[in-house]
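Asker: Heads up: the sequence shown begins at 11 in this note's numbering, then just goes up one per residue. Where a beta carbon is used, it is the ideal one built from N, C-alpha and C, also for glycine.
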Amino acid sequence: MKLVECVPNFSEGRDKEKVGIIVNAAQSAGVTILDVETDADHHRCVLSFVGAPDACVEACFRVAEQSLKLIDLTTHKGEHPRMGAVDVIPFIPVAGVTIEECAMLAERLAARIGNELKIPTYLYDQAARRPERKDLANVRKGQFEGLRDLIGKDETRTPDFGPNAIHPTAGAVAVGARQQIVNFNINLDTHDMAAGKDIAKRVRASGGGLPAVRGKEIDLAARKQVQISTVLTDYKKSSMAKVLATTMALADEHKAKIKSTEIVGLLPRQALVDFAIETLALENFKPDVQILENRLEAVGALGGGAIGARRDVSSARRCPTPTPRPAAARRRRSPARWAAAWGRWRSASRSSRKSSTKPSARRSRPR
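In structure tokens, the structure reads:
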């Protein structure tokens, strides 16, 4: 079975009715909704769903279509960078699908959005046609307002699909293919935006910080806090624990502390396991065997076959492989056959005792 995950980000985080309409549009294409996360400060929604490749393309198109109808960027104000009503649409391989196939799905969707909805569309990350567009930040640079002034004039901002002009209310959209990422936000106990800007710059890769990390300071005005919003594009290169420790050290320079953290959307289980292993300084820990849920999945106890489960448990106990029994001995008898066999044995035993003066050799009960 081929399974793809899509995570459309659209620029609405306050109006629940509009969010519901867009989410329902995606679901109507036959995908399974995994998560819907809105943020009023960011004024943004992160929608996650999985499905067959064709269903995901259709679901993403419907998200773009409804976002075009419901969201007007000329009146949109939020802390998160954005250039479109539906801002970013990544395709992510989950099962039976390669990243190259996801890039092809991204091209199909980008062509439809550009041609049918007349929204300029840019391919990014693993679907990018230009090297500089592999980085989403380069594609979205200047946001809606900046792109509106440059598109059609600066050839480096020419879209891959759609008109070479900004859509007046829906802006532009980035469509791409990528691997799993981690959206990890760190909230500080200060409202000093200058401090936040310095920390975010020194955390992110482009500022000389951690590899495979994007970072930006966000003003949480209602809470009077600074948020360091990070994206771990490869959590194996820079783990959550490393990002947290680095941010903590930089915050300390500004006499600030970490108050709380957030994970936006979904993340791979292994990212949390890695965090636990690093922060607890665990030795000789084997997640596949020592994490209960992992072990239950491995032995089939959460829905797998019982035979596979017995074999796996045997190997986990390091028991020697039992000697195979003859085929006749492995045959199972129904309760009726057991009863009939037991009756025959008792009858034969009684007859033998009556007809012989010597004790007869005891026969084994049927097994």
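Span of the alpha helix (DSSP H) holding P297?
Answerer: As a first step, residue 297 must be located in the sequence shown, where it is residue number 287. Element bounds for P297: 297-300.
Asker: Decide if T257 is buried, meaning its Cβ has at least 16 other Cβ atoms within 10 Å, or exposed.
Answerer: Counting from 1 along the sequence shown, the entry for residue 257 is found at position 247. By the 10 Å Cβ count, T257 comes out buried.
Asker: Spatial neighbours of V241 within its chain, please: CB distance less than 8 Å, with the 5 preceding and 5 following residues excluded, ordered by chain position.
Answerer: Your numbering for residue 241 matches position 231 in the sequence shown. So the qualifying residues of the chain are I191, V192, N193, F194, V223, R224, G225.
Asker: Contact between the segment 94-104 and the segment 181-189 is defined here as three or more beta-carbon pairs at a separation below 8 Å; is this criterion met?
Answerer: They touch, by the three-pair rule.
Asker: Where T84 and R92 are concerned, what is the direct C-alpha to C-alpha distance, given to the nearest angstrom?
Answerer: Sequence index remark: in the sequence shown, residue 84 carries index 74 (1-based). Sequence index remark: in the sequence shown, residue 92 carries index 82 (1-based). Going by the C-alpha atoms only, they are around 12 Å apart.
Asker: Does DSSP classify P91 as helix, strand or coil?
Answerer: Locating residue 91 in the sequence shown gives position 81, where the first residue counts as 1. P91: coil per DSSP, three-state reduction.
Asker: Count the other C-beta atoms from every protein chain shown that fall within 10 angstroms of the C-beta of K252, then say buried if there are 16 or more, exposed otherwise.
Answerer: For the purposes of this step, residue 252 is taken as residue 242 along the sequence shown, with counting starting at 1. Under this definition K252 is a buried residue.
Asker: Which residue wins for smallest C-alpha separation from D135, given the options T289, Q153, C112, E126?
Answerer: Numbered from its first residue, the sequence shown carries residue 135 at position 125. The shortest Cα separation from D135 among T289, Q153, C112, E126 belongs to C112.
Asker: List in chain order: all unbroken beta strand (DSSP E) runs of 3+ residues lying wholly within the segment 53-130.
Answerer: Counting whole runs of 3 or more residues, the segment 53-130 contains the beta strand (DSSP E) stretches 54-61, 96-105.
Asker: Between the beta-carbon of K26 and the beta-carbon of L80, is there less than 9 Å?
Answerer: Numbered from 1 along the sequence shown, position 16 holds the residue referred to as residue 26. Numbered from 1 along the sequence shown, position 70 holds the residue referred to as residue 80. The answer is no: Cβ separation not under 9 Å.
Asker: Can you give me the start and stop residues for the beta strand (DSSP E) that R378 sits inside?
Answerer: Because the chain here runs from 11 to 377, residue 378 falls outside it and cannot be looked at.
Asker: Which complete beta strand (DSSP E) runs does the segment 187-274 hold, if anything under 3 residues is left out?
Answerer: Correct list: 192-198, 223-230, 235-242, 268-274.
Asker: Mind checking T97: buried by the 16 CB within 10 Å criterion, or exposed?
Answerer: As a working mapping, residue 97 is identified with position 87 in the sequence shown. The residue you asked about is not Thr; residue 97 is Asp in the sequence shown. D97 comes out buried.
Asker: If you reduce the DSSP assignment to three classes, tell me which class G181 lands in.
Answerer: If you number the sequence shown from 1, residue 181 lands on position 171. The answer is strand: DSSP assigns G181 an E or B state.
Asker: To the nearest angstrom, report how far apart E227 and V309 are at their CA atoms.
Answerer: Residue mapping note: residue 227 aligns to position 217 of the sequence shown, counting from 1. Residue mapping note: residue 309 aligns to position 299 of the sequence shown, counting from 1. Distance between the alpha carbons of E227 and V309 is about 45 Å.
Asker: Can you tell me where the alpha helix (DSSP H) holding L282 begins and where it ends?
Answerer: If you number the sequence shown from 1, residue 282 lands on position 272. Looking at the DSSP string, the run of the alpha helix (DSSP H) that includes L282 is 279-290.
Asker: Give the range of the alpha helix (DSSP H) segment to which V29 is assigned.
Answerer: Locating residue 29 in the sequence shown gives position 19, where the first residue counts as 1. Unbroken alpha helix (DSSP H) run through V29: 26-37.
Asker: Flag this pair as yes or no: are the beta carbons of I43 and S21 separated by less than 9 Å?
Answerer: Mapped onto the sequence shown, residue 43 falls at position 33. Mapped onto the sequence shown, residue 21 falls at position 11. It is not a contact, given that the beta carbons lie outside the stated cut-off.
Asker: Please say whether A50 and L78 have beta carbons closer to each other than 9 Å?
Answerer: Within the sequence shown, numbered from 1, the residue matching residue 78 stands at position 68. Within the sequence shown, numbered from 1, the residue matching residue 50 stands at position 40. Not a contact, by the Cβ cut-off of 9 Å.
Asker: Roughly how many angstroms lie between the CA atoms of G30 and G162, to the nearest whole one?
Answerer: In the sequence shown, counting from the first residue as 1, residue 30 sits at position 20. In the sequence shown, counting from the first residue as 1, residue 162 sits at position 152. Each residue's Cα considered, the two are about 34 Å apart.
Asker: Buried or exposed: where does L413 fall if 16 or more other Cβ atoms within 10 Å of its Cβ makes it buried?
Answerer: This structure cannot speak to residue 413, because the chain is shown only from 11 to 377.
Asker: Starting from the C-beta of F154, find all residues in its chain whose C-beta is less than 6 Å away, skip the five residues before and the five after it, and write them out in chain order.
Answerer: For the purposes of this step, residue 154 is taken as residue 144 along the sequence shown, with counting starting at 1. Excluding residues within five positions, the ones whose Cβ falls inside 6 Å are L83, M93, G181.
Asker: On the CB-based measure, 16 or more other CB atoms within 10 Å of its CB, does A184 come out buried or exposed?
Answerer: Position 174 of the sequence shown holds residue 184. That one is buried.
Asker: For the beta strand (DSSP E) containing E47, list its first residue and its last residue.
Answerer: Position 37 of the sequence shown holds residue 47. Per DSSP, E47 belongs to the beta strand (DSSP E) from 42-49.
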